[in-house]
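K.L.:
Number of protein chains: 2
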Amino acid sequence: MALILTFLGKGGRAQTEVVIAAAQKLAGLGSRVLLAEQDSGPALDLLLETTVTASPMEVAPNLTAVKLSSTLLLEEGWEQVKELEAKYLRSPTLKNVYGQELGILPGMDSALALNALREYDQSGQYDVIIYNGNSPLSTVRMLGIPETLSWYLRRFGQILQESDVGKALSPFIQPITSAILNVSWSADDLSQEPTNRANDLLEQGKTALANPKRVAAYLVTTADELAIAESQNIWGCAQQVGLTVKGVLLNQGQVTDPIAEQFEPLSVTAIPPRTGQDWQPLREALPDFLADSRPPQPITIDVAARQVRVFLPGFEKKQVKLTQYGPEITIEAGDQRRNIDLPAPLRGKPVKGAKFQNHYLIISF
Amino acid sequence: MALILTFLGKGGRAQTEVVIAAAQKLAGLGSRVLLAEQDSGPALDLLLETTVTASPMEVAPNLTAVKLSSTLLLEEGWEQVKELEAKYLRSPTLKNVYGQELGILPGMDSALALNALREYDQSGQYDVIIYNGNSPLSTVRMLGIPETLSWYLRRFGQILQESDVGKALSPFIQPITSAILNVSWSADDLSQEPTNRANDLLEQGKTALANPKRVAAYLVTTADELAIAESQNIWGCAQQVGLTVKGVLLNQGQVTDPIAEQFEPLSVTAIPPRTGQDWQPLREALPDFLADSRPPQPITIDVAARQVRVFLPGFEKKQVKLTQYGPEITIEAGDQRRNIDLPAPLRGKPVKGAKFQNHYLIISF
Chain A
610 MALILTFLGK
620 GGRAQTEVVI
630 AAAQKLAGLG
640 SRVLLAEQDS
650 GPALDLLLET
660 TVTASPMEVA
670 PNLTAVKLSS
680 TLLLEEGWEQ
690 VKELEAKYLR
700 SPTLKNVYGQ
710 ELGILPGMDS
720 ALALNALREY
730 DQSGQYDVII
740 YNGNSPLSTV
750 RMLGIPETLS
760 WYLRRFGQIL
770 QESDVGKALS
780 PFIQPITSAI
790 LNVSWSADDL
800 SQEPTNRAND
810 LLEQGKTALA
820 NPKRVAAYLV
830 TTADELAIAE
840 SQNIWGCAQQ
850 VGLTVKGVLL
860 NQGQVTDPIA
870 EQFEPLSVTA
880 IPPRTGQDWQ
890 PLREALPDFL
900 ADSRPPQPIT
910 IDVAARQVRV
920 FLPGFEKKQV
930 KLTQYGPEIT
940 IEAGDQRRNI
950 DLPAPLRGKP
960 VKGAKFQNHY
970 LIISF
Chain B
610 MALILTFLGK
620 GGRAQTEVVI
630 AAAQKLAGLG
640 SRVLLAEQDS
650 GPALDLLLET
660 TVTASPMEVA
670 PNLTAVKLSS
680 TLLLEEGWEQ
690 VKELEAKYLR
700 SPTLKNVYGQ
710 ELGILPGMDS
720 ALALNALREY
730 DQSGQYDVII
740 YNGNSPLSTV
750 RMLGIPETLS
760 WYLRRFGQIL
770 QESDVGKALS
780 PFIQPITSAI
790 LNVSWSADDL
800 SQEPTNRAND
810 LLEQGKTALA
820 NPKRVAAYLV
830 TTADELAIAE
840 SQNIWGCAQQ
850 VGLTVKGVLL
860 NQGQVTDPIA
870 EQFEPLSVTA
880 IPPRTGQDWQ
890 PLREALPDFL
900 ADSRPPQPIT
910 IDVAARQVRV
920 FLPGFEKKQV
930 KLTQYGPEIT
940 IEAGDQRRNI
950 DLPAPLRGKP
960 VKGAKFQNHY
970 LIISF
């Protein structure tokens, strides 16, 4: 199992250089590194001075690079769906639709990339996978899939089982969904094997995300006050989907006291600009990504004290909303809702009180 | 009907400033402008020195600003879905799920934003809507929804009608899809009113996108060669979904001959940095967004000459793939597939030849 590392910043040359230097540094220290790039553009090729393809290729000792291609991944997923359909249905109808025809709709990139990362992780070929997304928000949304989707399955599964229409889950949407998620699920019996497989995958995803030794992020910013403010907001959005942020990389700026304070308790590391073709100073300036730091956990549940603490930096009190419409409590912040599936002793209990203090939302039952 | 204008660049302070200056300039010239920001972060607030909310609010004469909030838009969409369900189903089951619980999955942002833009457009309250997306790719994917989704409906509609399972479209996925698309569609009868409504909306979207007086984009870049290369790639990706790019804004750099050549036949405009609180030089440097320029059309079909010409700048020959697996021809480039629904005389005809010349893919039948 690999460490999945991602860098949340506005992109552009500086961030891509940080990503490459991080990959080089870890490879140099003996980790087998996969650098997975979401952007189909030429930036990575130009900086690595080679053509990175949709198949992983070694670009330096211990360092493999790949450009995640949504069209190709969807095509591969579709072939598996067609096989599944042929196996389960007497008159398969999808065999006449070709993976090579399928266009990419919003959201497919993220779902396909997450699945690809899972497969690379399980291949056992890499110790560290560095994922470079298109934008911080799309990375955060992607890593939020397991938790959000498992809520949808949990909530609508319940509703479905109680409903007239529970037996009629779509054979139309399902193949597409399956091609994207690379899992097969049907509502004919929500407790059957394919659904369990989907739930297992989502649970594995949630478990990985909750463990900063498995999935972790660093913020990448400049010293510009606007960039700092955006970065703090991204920090909050990351916490809101349960992604642990381990530190801040400050591009081409000095770590002043006000900047350090704004990211407390994270450490802020200054990264020099790259001069000429020399990557060495950049690599040396980077922090030890494998060090056993203890960043704040996004959520801690204390059953004995009947208390849930949610770490939400980067937000003001008025930007955080707590509601309890459905069977779970819902936290709204950073344009994302997080439903918290509480352990049995607290489940379904009414909220007695909540306060927002030192970046923590503290909920008492 | 408004002009929907978008700026494709890496984001950050420089781009947000360009977006604001463009909005100010157009408002100053008398257009009623809506500035719609996708990012929930604080950049826009800090630069406008006010708090932009999820409801449109006037920030200057003729200039209204809004932050598109996916959580709120999904909530509103969900209420409409519940009403629809209550109308059509004897025992509605969704009434127990609250819009305030629904989390955001990847892709929802784009679908919800596109629908919001459509509604703002139809409100008749704005002459120009400036959309500032999270990343160029997500904007391109969003504007590609009408074409890509209508292909899925077209292709799978066909398949469904021929299939055993055509009658069983999901009442599970459908409500969610409807909440996002804000349309109701069922497979019970693919020719019935809700489907027609969805098709109409998608056709309207395609028609708007094909008209540079309705939807147009500008590239935003710096003079850095990496940024230029990325920008050219984004140009290609935009053409690939049928989005017309009208020009290039060069931030804080000089328009040299090599740069101008790389974006031929677009005009490249140098934009000065903003100094202090003065937006005037920035506004003045911007091109006339309402001018009747004639940028290359993404696609032209000449039935008489039995020829289709697709403008695909930013790609090399080897990056463009033409296939004909299904009933339509498929162009693959920039990690997107575009299926071209040809007019009747050319439909279903085999491709006789194809060449890639001066950024045009020329297909003969």
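Chains as they are written, first to last, in the numbering used here: chain A, 610 to 974; chain B, 610 to 974.
Ideal Cβ placement from N, Cα and C applies to all residues, glycine included.
1) Decide if residue 743 (chain B) is buried, meaning its Cβ has at least 16 other Cβ atoms within 10 Å, or exposed.
2) For residue 737 (chain B), write down the residues that DSSP places opposite it in a beta bridge.
3) Report yes if the CB atom of residue 656 (chain A) is closer than 9 Å to the CB atom of residue 951 (chain B), and no otherwise.
4) Note down the Cα distance separating residue 871 (chain A) from residue 865 (chain A), rounded to an integer number of angstroms.
5) Where in the region 915-969 of chain B do unbroken runs of the beta strand (DSSP E), each at least 3 residues long, occur, reported from the N-terminal end onward?
6) Alpha carbon to alpha carbon, what distance is there between residue 719 (chain B) and residue 853 (chain B)?
7) In whole angstroms, what is the alpha-carbon distance linking residue 799 (chain A) and residue 645 (chain A)?
8) Do residue 845 (chain A) and residue 947 (chain A) have their beta-carbon atoms positioned less than 9 Å apart in this structure?
9) With a Cβ-Cβ cutoff of 9 Å, do residue 953 (chain B) and residue 839 (chain A) count as a contact?
10) Mark residue 574 (chain A) as exposed unless 16 or more other C-beta atoms lie within 10 angstroms of its C-beta, in which case mark it buried.
11) So with Cβ pairs under 9 Å, would you call residue 949 (chain A) a contact of chain B?
12) Report the residue from B:641, B:696, B:678, B:673 whose alpha carbon sits nearest the alpha carbon of residue 711 (chain B).
13) In the DSSP assignment, find the unbroken beta strand (DSSP E) run with residue 908 (chain B) in it and report its ends.
14) Looking at residue 848 (chain A): is its Cβ nearer than 9 Å to the Cβ of residue 923 (chain A)?
15) By the three-class DSSP mapping on this structure, what secondary structure does residue 877 (chain B) have?
16) From the beta carbon of residue 651 (chain A), is the nearest beta carbon of chain B less than 9 Å away?
17) Sorted by chain position, which residues of the same chain lie with C-beta nearer than 6 Å to residue 590 (chain A)'s C-beta, five sequence neighbours on each side aside?
18) Measure the alpha-carbon distance for residue 705 (chain B) versus residue 757 (chain B) and round it to whole angstroms.
19) Say whether chain B places a C-beta atom closer than 9 Å to the C-beta of residue 861 (chain A).
20) Can you check the region 849-874 of chain A for any alpha helix (DSSP H) of at least 4 residues that lies completely inside it and give the ranges in chain order?
21) Name the chain B residues that come within less than 9 Å of residue 754 (chain A), Cβ to Cβ?
22) Mind checking who residue 666 (chain B) pairs with in its DSSP beta bridge?
23) Whose C-alpha, out of A:884, A:768, A:955, is nearest the C-alpha of residue 912 (chain A)?
24) Roughly how many angstroms lie between the CA atoms of residue 727 (chain B) and residue 658 (chain A), to the nearest whole one?
25) With distances taken Cα to Cα, identify the nearest neighbour of residue 895 (chain B) among B:624, B:619, B:661, B:620.
26) Using a cut-off of 8 Å between C-beta atoms, extract the partners of residue 741 (chain B) located in chain A.
27) Please determine, among A:943, A:972, A:887, A:903, the residue with the shortest C-alpha to C-alpha distance to residue 650 (chain B).
28) Taking the alpha carbon of residue 908 (chain A) as the point to measure from, which residue in A:820, A:893, A:875 has its own alpha carbon closest?
29) Grab me the residues of residue 684 (chain A)'s own chain with a C-beta within less than 8 Å of its C-beta, minus the 5 sequence neighbours each way, in chain order.
30) Would you say residue 900 (chain B) lies against chain A (beta-carbon separation less than 9 Å)?
31) Mind pulling the chain B residues with CB within less than 7 Å of residue 833 (chain A)?
32) Between the Cα of residue 817 (chain B) and the Cα atoms of B:837, B:723, B:936, which residue gives the shortest distance?
33) Which of the three DSSP states, helix, strand or coil, is assigned to residue 775 (chain B)?
34) At a Cβ threshold of 9 Å, is residue 871 (chain A) touching chain B?
35) Run through chain B and tell me which residues come within less than 8 Å of residue 706 (chain A), C-beta to C-beta.
36) List the residues of chain A that residue 695 (chain B) touches, going by C-beta distances under 9 Å, in chain order.
P.N.:
The relevant details are as follows:
1) The residue labelled residue 743 (chain B) in the question sits at position 134 within the second sequence. With 16 or more Cβ atoms within 10 Å of its Cβ, residue 743 (chain B) is classed as buried.
2) As a first step, residue 737 (chain B) is located in the second sequence; it is residue number 128 there, counting from the start. Answer is B:612, B:642.
3) Against the first sequence, residue 656 (chain A) aligns to sequence position 47. Against the second sequence, residue 951 (chain B) aligns to sequence position 342. Not in contact: residue 656 (chain A) and residue 951 (chain B) (Cβ atoms no closer than 9 Å).
4) Against the first sequence, residue 871 (chain A) aligns to sequence position 262. Against the first sequence, residue 865 (chain A) aligns to sequence position 256. Straight-line Cα distance between these residues: approximately 10 Å.
5) Fully enclosed beta strand (DSSP E) runs of 3 or longer: 916-920, 930-932, 938-942, 945-949, 962-966.
6) On the second sequence, position 244 is the one that residue 853 (chain B) refers to. On the second sequence, position 110 is the one that residue 719 (chain B) refers to. One alpha carbon belongs to residue 853 (chain B), the other to residue 719 (chain B), and they sit about 19 Å apart.
7) Position 190 of the first sequence holds residue 799 (chain A). Position 36 of the first sequence holds residue 645 (chain A). Note that residue 799 (chain A) has pLDDT 42, beneath the 50 cutoff, so the model's placement of it is unreliable and the number below is only indicative. Rounded to the nearest angstrom, the two C-alpha atoms are 34 Å apart.
8) Your numbering for residue 947 (chain A) matches position 338 in the first sequence. Your numbering for residue 845 (chain A) matches position 236 in the first sequence. Taking 9 Å as the Cβ cut-off, residue 947 (chain A) and residue 845 (chain A) do not qualify as a contacting pair.
9) On the second sequence, position 344 is the one that residue 953 (chain B) refers to. On the first sequence, position 230 is the one that residue 839 (chain A) refers to. The Cβ atoms of residue 953 (chain B) and residue 839 (chain A) do not sit closer than 9 Å to each other.
10) Residue numbering for chain A in the displayed model covers 610 to 974; residue 574 (chain A) lies beyond these limits and cannot be assessed.
11) Taking the first sequence and counting its residues from 1, the one referred to as residue 949 (chain A) is at position 340. So no, residue 949 (chain A) is outside the interface.
12) To locate residue 711 (chain B), count along the second sequence from 1; it is residue 102. The residue among B:641, B:696, B:678, B:673 with its C-alpha nearest the C-alpha of residue 711 (chain B) is B:678.
13) Residue numbering aside, residue 908 (chain B) sits at position 299 when the second sequence is read from its first letter. Start and end: 908-911.
14) The residue given as residue 848 (chain A) occupies position 239 in the first sequence. The residue given as residue 923 (chain A) occupies position 314 in the first sequence. Taking 9 Å as the Cβ cut-off, residue 848 (chain A) and residue 923 (chain A) qualify as a contacting pair.
15) Stepping through the second sequence from its first residue, residue 877 (chain B) is reached at position 268. Strand at residue 877 (chain B).
16) As a working note, residue 651 (chain A) is residue 42 in the first sequence. Chain B, which has a Cβ nearer than 9 Å to the Cβ of residue 651 (chain A), makes this yes.
17) A query on residue 590 (chain A) cannot be resolved here, the shown segment of chain A reaching from 610 to 974 and no further.
18) Indexing the second sequence from 1 puts residue 705 (chain B) at position 96. Indexing the second sequence from 1 puts residue 757 (chain B) at position 148. Cα to Cα, the separation comes out at about 33 Å.
19) Taking the first residue of the first sequence as position 1, residue 861 (chain A) is located at position 252. Not one chain B Cβ lies under 9 Å of residue 861 (chain A).
20) Qualifying alpha helix (DSSP H) stretches, in chain order: 866-871.
21) For the purposes of this step, residue 754 (chain A) is taken as the residue at position 145 of the first sequence. Within chain B, the residues near residue 754 (chain A) are 714, 715.
22) For this step, residue 666 (chain B) is matched to residue 57 along the second sequence. Residue pairing for residue 666 (chain B): DSSP places it in a beta bridge opposite B:674.
23) Residue mapping note: residue 912 (chain A) aligns to position 303 of the first sequence, counting from 1. Looking at the Cα atoms, A:955 is the closest of the given residues.
24) Your numbering for residue 727 (chain B) matches position 118 in the second sequence. Your numbering for residue 658 (chain A) matches position 49 in the first sequence. Using only the alpha carbons, I get a separation of about 43 Å.
25) Here residue 895 (chain B) refers to the residue found at position 286 of the second sequence. Ranked by Cα distance from residue 895 (chain B), the first of B:624, B:619, B:661, B:620 is B:624.
26) Translated into the one-based positions of the second sequence, residue 741 (chain B) becomes position 132. In chain order: nothing, as chain A lies at least about 12 Å away.
27) Mapped onto the second sequence, residue 650 (chain B) falls at position 41. When each option's Cα is compared against that of residue 650 (chain B), the closest is A:943.
28) Counting from 1 along the first sequence, the entry for residue 908 (chain A) is found at position 299. Relative to residue 908 (chain A), the option among A:820, A:893, A:875 whose CA is nearest is A:820.
29) Here residue 684 (chain A) is taken as the residue at index 75 of the first sequence, counted from 1. Once the five neighbours on either side are set aside, the close Cβ partners of residue 684 (chain A) are 708, 709, 711.
30) Taking the second sequence and counting its residues from 1, one reaches residue 900 (chain B) at position 291. Answer no: the Cβ-Cβ gap between residue 900 (chain B) and chain A never drops below 9 Å.
31) Against the first sequence, residue 833 (chain A) aligns to sequence position 224. For residue 833 (chain A), the C-beta contacts it makes with chain B under 7 Å involve 622, in order along the chain.
32) In the second sequence, residue 817 (chain B) corresponds to position 208, counting from 1. Among B:837, B:723, B:936, the Cα nearest to that of residue 817 (chain B) belongs to B:723.
33) For the purposes of this step, residue 775 (chain B) is taken as the residue at position 166 of the second sequence. The predicted model places residue 775 (chain B) with a pLDDT of 49, which falls under 50 and marks its position as unreliable, so this point remains unresolved.
34) Your numbering for residue 871 (chain A) matches position 262 in the first sequence. Not closer than 9 Å to any Cβ of chain B, the Cβ of residue 871 (chain A) fails to qualify, so no.
35) Within the first sequence, residue 706 (chain A) is the residue found at index 97, counting from 1. Contact of residue 706 (chain A) with chain B by beta-carbon distance below 8 Å involves 764, 765, 768, 935.
36) For the purposes of this step, residue 695 (chain B) is taken as residue 86 along the second sequence, with counting starting at 1. Under the 9 Å cutoff, chain A gives no residues; its nearest Cβ is about 13 Å from residue 695 (chain B).
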